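Residues 222 to 444 in my numbering are what the sequence shown lists, from first letter to last.
Each residue gets a CB set at the ideal place from its N, CA and C atoms; glycine is no exception.
Since the model is a prediction, treat every value here as computed from it, not as a measurement.
Below you'll find the structure, written out as C-alpha cells, and then a few comments.
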Amino acid sequence: MLERVGANQKLLLNLPSICGDENVVQQEVDKHGWAVGPPAFTGHFNYLVRAHVTGEGVRFSEGRTDEHWRAIDPPVTSGYSLIQGFALLPMHFHPHHQEAGHFRYLGRHTLNNREYHVVAFAQQPDKAELLGGVRVNGADITVAYQGVAWIDPDSFQIARMRTDLLMAKPGVGMEMTETQFTEIHLPVVAKSFWLPNEAVVTRGTKERCSTRKTPVFRLQDFC
C-alpha cells in the first residue's frame with residue numbers, strides 16, 4: 222500500500238505553480254470544538270503554491286498574498302499565525318520521506334458513504350526533512366508530526382489527513398490539522414491532482430483557537 226501511495230506522491234512533484242482563492246475564519250472553540258462567540262478573524266487571500274526547479278530537482282513554496290499579489294502574513298489577535306504548507310501534507314508518504322517515518326495500518330473506515338484504508342504515521346525527528354514550523358507571538362518553533370491518512374482503495378490517493386504534533390513543545394501547546402483533499406483538473410494540464418478543499422487547524426493551550434480555510438485552486442502563471 223505504501224508503495225502505491227508513494228507512487229502518487231512522486232507524481233505530485235509534477236504539480237505546476239497554482240493559486241487558490243482562500244477564505245479564512247479563526248475563532249475560539251470550547252473543549253467540544255463548538256465555536257465560542259463571533260469570529261476573531263476573517264480574511265480572503267490568494268494562496269500560492271509555487272514550483273521551483275533547482276539543481277536538486279523541484280522544490281515547492283507556499284504562502285499568501287493580498288489582492289495586489291504582495292506577500293502577506295496576516296496579524297491575528299490570537300497570537301497564532303495562519304498555518305501554511307497544508308497543500309503538500311501528503312508528501313509525508315513520498316518514498317523518500319517514508320524512510321524517515323514509522324507507518325502502521327489501522328484497518329478500514331467509512332466516511333461519507335465510502336470506505337477508506339486508514340494508515341497512521343509518525344516522523345523520526347532525527348531523520349525527517351519535512352519538519353514544520355509554528356509561529357507563536359513572533360517566535361518560530363520547529364516541530365515534528367504524527368498523524369493518520371484516509372486512503373482511497375481504488376486510486377490510492379490520500380483523501381483526508383489528520384496531523385498532530387509528535388511531541389509537546391513549550392509555548393506551543395497542541396496543534397491539530399484536519400485536511401480534506403479532492404481531485405482537481407487544471408486547464409492545459411493533462412494530469413489531475415489531489416489538493417485541499419478544506420483545512421481546519423485547532424491550536425491552543427488554555428484557550429483553543431480553530432482556523433478554517435477553504436482554498437479553491439486554479440492554474441497560475443508566474444512571470
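- DSSP, reduced to helix, strand and coil, places Gly-264 within a strand of the structure shown.
- By the neighbour-count criterion, in which a residue is buried when 16 or more other Cβ atoms sit within 10 angstroms of its Cβ, Leu-327 is exposed.
- The beta carbon of Arg-225 sits closer than 6 Å to the beta carbons of Phe-377 from its chain, once the five residues preceding and following it are set aside; these are given in chain order.
- When Gly-368, Met-395, Met-388 and Pro-374 are compared, the shortest CA-CA separation from Met-382 is found for Gly-368.
- Gly-354 carries a strand assignment under DSSP once its states are collapsed to helix, strand and coil.
- Leu-332 is classed as exposed because its beta carbon has fewer than 16 other beta carbons within 10 Å across all chains shown.
- In the three-state scheme derived from DSSP, where H, G and I count as helix and E and B as strand, Met-388 is classed as coil.
- In the DSSP assignment, Arg-329 falls within the unbroken beta strand (DSSP E) covering 322-332.
- Contact between the segment 399-418 and the segment 337-350 is absent, with fewer than three C-beta pairs closer than 8 Å.
- Note on geometry: alpha-carbon atoms of Glu-396 and Lys-252 lie some 14 Å from one another.
- Residue pairing from DSSP places Val-274 in a beta bridge opposite Val-279.
- The residues Phe-314, His-315, Pro-316 and Gln-319, in chain order, have a CB closer than 8 Å to that of Gly-227 in the same chain once the five nearest residues on each side in sequence are set aside.
- Within the same chain, Cβ atoms closer than 7 Å to the Cβ of Asn-229 are found at Phe-377 and Gln-378, the five residues on either side in sequence being excluded.
- Under DSSP, the beta-bridge partners assigned to Gly-284 are Leu-269.
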